[in-house]
Every structure is written in structure tokens, then in C-alpha cells.
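Those sequence lines, one after another, are chains V and D. Its first residue numbered 268, the first sequence is counted upward by one per residue in this note's numbering. Its first residue numbered 807, the second sequence is counted upward by one per residue in this note's numbering. Where is the CB? At the ideal position from N, CA and C, for every residue including glycine.
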Amino acid sequence: MLLDVSGLSIAYKGLEALHGVSLHIEEGELVSVIGANGAGKTTLLQSLIGWQQPSGGIVSFNGRDITGERSHIRARLGIRIVPEKARVFTRLTVHENLMMGAYGMSGRREKMAVRDSLRRLYSLFPVLERRSGQLASTLSGGEQQQLSIARACISAPKLLLVDEVSMGLMPILVDQVFELLAQLNREEGLTILLVEQNALASLKISHRAYVLETGDIVLEGEADRMLNDERIREAYLGI
Amino acid sequence: MQLFFEQLLNGLAIGSIYALITLGLALVYGILRILHVAHAAVYTVGAYVGLAIYSHTSTLLLAIPGSMVVCALIGVAIERLVYFPLLKYPPYVPLISSIALFLSLEELCRIIAGPELLTFPAALPFPSFSAGGVRVSGTLVAVYVVTALVLAILWFITSKTEFGLAMRAASQDMDVASSLGVDSRRVVDAMFAIGSAIASIAGILVAIYYNQVYSTMGTMPAYKTLALIVVGGMGSVPGAVVASILLGLGETLLIGFANIPMPRDALAFIAMIIVLMWKPAGLLGRG
Chain V
268 MLLDVSGLSI AYKGLEALHG VSLHIEEGEL VSVIGANGAG KTTLLQSLIG
318 WQQPSGGIVS FNGRDITGER SHIRARLGIR IVPEKARVFT RLTVHENLMM
368 GAYGMSGRRE KMAVRDSLRR LYSLFPVLER RSGQLASTLS GGEQQQLSIA
418 RACISAPKLL LVDEVSMGLM PILVDQVFEL LAQLNREEGL TILLVEQNAL
468 ASLKISHRAY VLETGDIVLE GEADRMLNDE RIREAYLGI
Chain D
807 MQLFFEQLLN GLAIGSIYAL ITLGLALVYG ILRILHVAHA AVYTVGAYVG
857 LAIYSHTSTL LLAIPGSMVV CALIGVAIER LVYFPLLKYP PYVPLISSIA
907 LFLSLEELCR IIAGPELLTF PAALPFPSFS AGGVRVSGTL VAVYVVTALV
957 LAILWFITSK TEFGLAMRAA SQDMDVASSL GVDSRRVVDA MFAIGSAIAS
1007 IAGILVAIYY NQVYSTMGTM PAYKTLALIV VGGMGSVPGA VVASILLGLG
1057 ETLLIGFANI PMPRDALAFI AMIIVLMWKP AGLLGRG
């Protein structure tokens, strides 16, 4: 088991945003957590990357308890995040943003690996190569989302957390981004935890899924079966 | 005309010293969004420590680095013991603490070193020269050279090293930077250490320039540097440098050369009011 979360609780401004959430991800899986706005999805991811400290529960990664670890330690263990609204460094160039993704990888082997992944990411996202010297603030929303994904992937992470990547993107881009995530998972074996309001798009590419409702996991199972589940179709897919 | 050039050169030196002090304030504001008023007290401590080391060793080659190290440690201690625990509160809480800390450090200097004006009888080892009837003293040359050197080193660190890249990234979004492997506390430590060490250099330069050290020498810089980071653009290091140099030149030329009857120290605040009305983000501020 790559990620094992058990009984995770988070209090946010005195209110409990997650009440004892448990979930797990195997290596190579693409798992999504779907739920309405305010269900606690973003809180869940923020606690997994270490931006919020849990009030209870245990998070272990690769068999190691990381519940109290700070973000940079989690990053070094191989957990990366594509945050909500991309959050690229707008005052740095595109290339500098990518180099931040490879921060601390200064050994000779690591440098070579970074150069290889940069080449691969540039062929995946040609716009980033074309605009590598420009400030990230000049990119469109969709391009910033691509940069954020590339920044998270350049270090060849073991687990990629993706937070509401479809938000604010044009529908045609949403499909492209989801296809890309599926491709990263399929071809490179990247393990991905996807948190999404766009349930249909994320279930289509996922192996398994969890449904989060006001801080509780209310349903879990194979993504295919969820796509055909009456309750899910009614509540989240609008069909 | 000769007077004009002499005043220009003096103004440039005063502006350089303002820049050295204001840099630290801009660095700290840039990363923690705290108005670090106590920074001006670190500058005062820098002058005292420099003088103490100089009077025992008679060499600036020990006084300056020694004072830089002491001030860097004080800066990091302020950040860890005072600001870090207060970050979860609204910004006025660390601001009030910073003012209290500023006054306490000034008093501490007065209690330890005494209330009287001390002299700093060191000569900076730079040659003076004159060109076209304008004499440039060795002290002025030293101020220019040291400031240029400090700015060049700072530029190199922030734009050519990986740690500098992390500093710029963390100034913009500390959470995201740490989720990419940056130990944000180390970055904050480094910023306080760098800013405070530079302030100690400024303290020593001013002490030698005017040949005096006293416990309230940081009072006017404390207010003036706040006006300067507003004029330059909150948190913008290049903005702080540009605003400082312009102010040094403006003060000296308007009051020392054009003889406008106005208290010299008022100019910074007049500039601040004008900038706030005309371009609230500051000269080189962002949006």
C-alpha cells in the first residue's frame, strides 16, 4: 500500500472539516475522491501534502508514518501536488517554475534525470518549451494548469495529488488534461489521487473512487461500478 | 557647479546607506508580510558591536565580519522567538511586538554602552581622489564600493543560485514552495540573517561617516525605511534600493543644494504620500 489514511480528522477554524476519513491507494492506481463543494476534498489533499495539520488519525506513506511531517519532507519522500487554481509562481519564468519542481535534486544522477524529464515534459506540453523564458503570469489559465502539472511531475514523484484540476478550464481543455493524467498513470505508472467536482470526467479515468460528503466517506468502490450506480448518477453525474 | 557635484556624491552615499538598511525590511516584508520595525535597532546594535570589536582589535577586517555575524544571529533570534509564534495572529500583532522590540533593543544599547555619544575613529581604507575640482573622500568611496559589492552579492545569490530561486519562490507562495521540497523555515532564517548582516554593515558605515555611535541612531531610519518600502513597492527589493537612492539624492539636492527650507527628514514622508496617491503599489511594486 502506497498511501494509507486511517481515521483522519481535521478541524478548521474550530469546525471539524473531516471526521475520521479512511482511504488507501495502491502503487500504480488512479483513485478519485468526488464530492460536492465544501465536502472537504481540498482539506483532505491539503492535509496529505502537509499544509494543514490533522487533529486526529494516521497517514502513512510507503509504510512510514508521516502524520506530523512538514511539507518539504513529504515532497522529498515523493509526494507532489497540483494545487487548486494551479498556483504557479507568476513572478518566475516558466523554466524557473519547472526548476523549482526539481529543487534539491543536485546530484549528478538526479540532474541527468531532471534533464530527461524536462525533455519529456516539454514534448508533452510544447507551449511550455516555447514560452520557457517568459514569466508564468503571462500564461493563460489552461497553460498555468499544464505548468503546474509539469512542475509536480519533473521530480518523478511516487504519488501525485491533483486538486480540482478541471476548475476554470474550458471543457475541451478539461478532456485534454484528464486524458493526460490517464496517460501518465498508464504509461509511466504514476500513482494519482484526484480530487474533483467534475465526477463524470474523473470517474472515467479512475480505477477506484471514494465519495466524500460533508467530511465523511459515504461510498467507495470501483469507478466503473460507480458510473452505473443510481445514487451516484443522480447526485453527482446529473444523469 | 562644484557644490552641485559634491552634494550629488554625498546624496548618493546617503542613498546607498538607506538602501543597505531598507533591503532587510523589504526581504522580511516580502516573505512574512511583517513590518520589521526592530530592524533599525539591529542596525544600531551593528554599529555598537562593530565599535566594540574595533576598539579591542583596531581592525575593521574583524569588526565588520564580527558585527555581521552577531547581527545575523540577533535577526534570526528575533524571527524565531518573536515573529514565528505570532504569525497566526493578524499583522498588527507582530507589528506592535516589533515596535516594542525596537524600543527594548535601543534601551539595552543605552544601558550597556551608556547614554553618551561614542566616537568611531576608524578610517576606511579607501583612497580619496579629486576630479575637476570635486574631492571625493575615501569614506565616500568606501560607501560606494561596499554598497555595490553587497548589491552584487545579493543579486548573485537571488538570481543565480538554487537557494535564491527558492527564496524568490517562497516569497511568492511559501506553502507551494515547501510542497516542492523547500524547507521554508531555513529560507526565512536566511532572509533574516542576510538582511540583519547587511544592516550591521550600514550601521558601521554610518558610524564612521559621522564619527558617532549613539543608542537612538536607529530612530529616524526606523520610520524612514518604512516610508521607503512603501515608495519602492512593498516587499520589492529592487524597489527598495531605487527608492533609497532617490531619497538620498533628493534630500541632499533639495535641501543641501537648492536650500529649500524644509526639515530634511520630512521628504521621505512627503514622497510616501505622493506615491500612495499616484501609484499605491509603489515605484516597482506589483499590482
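Element boundaries [beta strand (DSSP E), containing residue i]
{"i": "Tyr-849/D", "result": "Unbroken run through Tyr-849/D is the alpha helix (DSSP H), 845 to 863; no beta strand (DSSP E)."}
{"i": "Phe-935/D", "result": "935 to 937"}
{"i": "Val-288/V", "result": "282 to 292"}
{"i": "Ala-278/V", "result": "270 to 279"}
{"i": "Arg-475/V", "result": "475 to 480"}
{"i": "Leu-986/D", "result": "Per DSSP, Leu-986/D belongs to no beta strand (DSSP E) and is neither H nor E."}
{"i": "Val-300/V", "result": "297 to 301"}
Residue span of the alpha helix (DSSP H) that contains residue i, given as start and end
{"i": "Thr-1022/D", "result": "Careful: Thr-1022/D lies outside any alpha helix (DSSP H) and carries neither H nor E."}
{"i": "Arg-941/D", "result": "Per DSSP, Arg-941/D belongs to no alpha helix (DSSP H); it is in the beta strand (DSSP E), 940 to 942."}
{"i": "Gly-323/V", "result": "Segment 323 to 328 is the beta strand (DSSP E) holding Gly-323/V; no alpha helix (DSSP H) there."}
{"i": "Ile-1080/D", "result": "1072 to 1084"}
{"i": "Glu-812/D", "result": "808 to 838"}
{"i": "Ile-880/D", "result": "866 to 884"}
{"i": "Ala-1046/D", "result": "1043 to 1057"}
{"i": "Tyr-389/V", "result": "375 to 391"}
{"i": "Phe-908/D", "result": "898 to 919"}
{"i": "Gln-411/V", "result": "408 to 420"}
{"i": "Glu-968/D", "result": "968 to 978"}
{"i": "Leu-1089/D", "result": "Taken as a continuous stretch (DSSP letters only), Leu-1089/D belongs to no alpha helix (DSSP H), as it is neither H nor E."}
Candidates the options: closest to residue i by CA position
{"i": "Leu-831/D", "options": "Val-848/D, Thr-967/D, Ala-1064/D and Ala-1077/D", "result": "Val-848/D"}
{"i": "Asp-995/D", "options": "Phe-890/D, Gln-808/D and Gly-817/D", "result": "Phe-890/D"}
{"i": "Leu-930/D", "options": "Leu-818/D, Asn-1017/D, Cys-915/D and Ala-1005/D", "result": "Asn-1017/D"}
{"i": "Ala-417/V", "options": "Gln-313/V, Arg-341/V, Val-394/V and Asp-483/V", "result": "Val-394/V"}
{"i": "Arg-343/V", "options": "Ala-419/V, Glu-487/V, Leu-391/V and Gly-409/V", "result": "Ala-419/V"}
{"i": "Ile-1076/D", "options": "Leu-907/D, Tyr-1029/D and Ser-1002/D", "result": "Tyr-1029/D"}
{"i": "Gln-808/D", "options": "Val-940/D, Leu-1073/D and Val-988/D", "result": "Val-940/D"}
{"i": "Arg-839/D", "options": "Phe-926/D, Val-952/D and Ser-977/D", "result": "Ser-977/D"}
{"i": "Pro-927/D", "options": "Ala-975/D, Arg-974/D and Leu-1011/D", "result": "Leu-1011/D"}
{"i": "Gln-320/V", "options": "Lys-280/V, Arg-331/V, Lys-352/V and Gln-411/V", "result": "Lys-280/V"}
{"i": "Arg-347/V", "options": "Ile-439/V, Ala-468/V and Ile-459/V", "result": "Ile-459/V"}
{"i": "Ala-846/D", "options": "Val-875/D, Leu-857/D, Ile-823/D and Leu-866/D", "result": "Ile-823/D"}
{"i": "Arg-500/V", "options": "Glu-446/V, Leu-385/V, Leu-297/V and Ala-466/V", "result": "Ala-466/V"}
{"i": "Phe-445/V", "options": "Val-298/V, Met-372/V and His-291/V", "result": "Val-298/V"}
{"i": "Val-834/D", "options": "Met-997/D, Lys-894/D and Leu-1055/D", "result": "Met-997/D"}
Contact with chain D by residue i, beta-carbon distance below 8 Å
{"i": "Phe-392/V", "result": "no"}
{"i": "Arg-358/V", "result": "yes"}
{"i": "Ala-284/V", "result": "no"}
{"i": "Arg-376/V", "result": "no"}
{"i": "Met-366/V", "result": "yes"}
{"i": "Ile-249/V", "result": "Given a span of 268 to 506 for chain V in the structure shown, any question on residue 249/V remains unanswerable."}
{"i": "Ile-316/V", "result": "yes"}
Amino acids of chain V, ordered along the chain, whose beta-carbon sits closer than 8 Å to that of residue i
{"i": "Gly-1045/D", "result": "Going along chain V, no residue has its Cβ under 8 Å from Gly-1045/D, so there is no contact; the nearest lies around 13 Å."}
Residues that residue i bridges to, as DSSP identifies them
{"i": "Leu-427/V", "result": "Arg-347/V and Ile-459/V"}
{"i": "Glu-487/V", "result": "Tyr-477/V"}
{"i": "Leu-402/V", "result": "Thr-360/V"}
{"i": "Leu-924/D", "result": "Val-1019/D"}
{"i": "Asp-332/V", "result": "Ser-327/V"}
Contacts that residue i makes with chain D (C-beta to C-beta distance below 7 Å)
{"i": "Ala-449/V", "result": "Those within 7 Å of Ala-449/V in chain D number zero; the least Cβ separation is about 23 Å."}
{"i": "Pro-321/V", "result": "Correct list: empty, because the minimum Cβ distance to chain D is about 16 Å."}
{"i": "Arg-354/V", "result": "Asp-979 and Val-982"}
Cross-chain neighbours of residue i in chain V, by beta carbon under 7 Å
{"i": "Val-988/D", "result": "His-339 and Tyr-370"}
{"i": "Gln-813/D", "result": "Neighbours of Gln-813/D on chain V: none; closest Cβ ~37 Å, over 7 Å."}
8 Å Cβ cutoff, residue i in contact with chain V
{"i": "Arg-974/D", "result": "yes"}
{"i": "Ser-984/D", "result": "yes"}
{"i": "Asp-995/D", "result": "no"}
Chain-ordered neighbours of residue i on chain D, where CB pairs are closer than 9 Å
{"i": "Ser-373/V", "result": "Glu-968"}
{"i": "Ile-499/V", "result": "Going along chain D, no residue has its Cβ under 9 Å from Ile-499/V, so there is no contact; the nearest lies around 31 Å."}
{"i": "Ala-342/V", "result": "Ser-984, Ser-985, Leu-986, Gly-987 and Val-988"}
Chain-ordered chain V contacts of residue i [CB-CB under 9 Å]
{"i": "Leu-971/D", "result": "Leu-359, Glu-363, Met-366, Met-367 and Tyr-370"}
is_contact[residue i, chain A] using C-beta, thresh 8 Å
{"i": "Ala-502/V", "result": "Looking at the structure shown, chain A is missing, and the protein chains on hand are V and D."}
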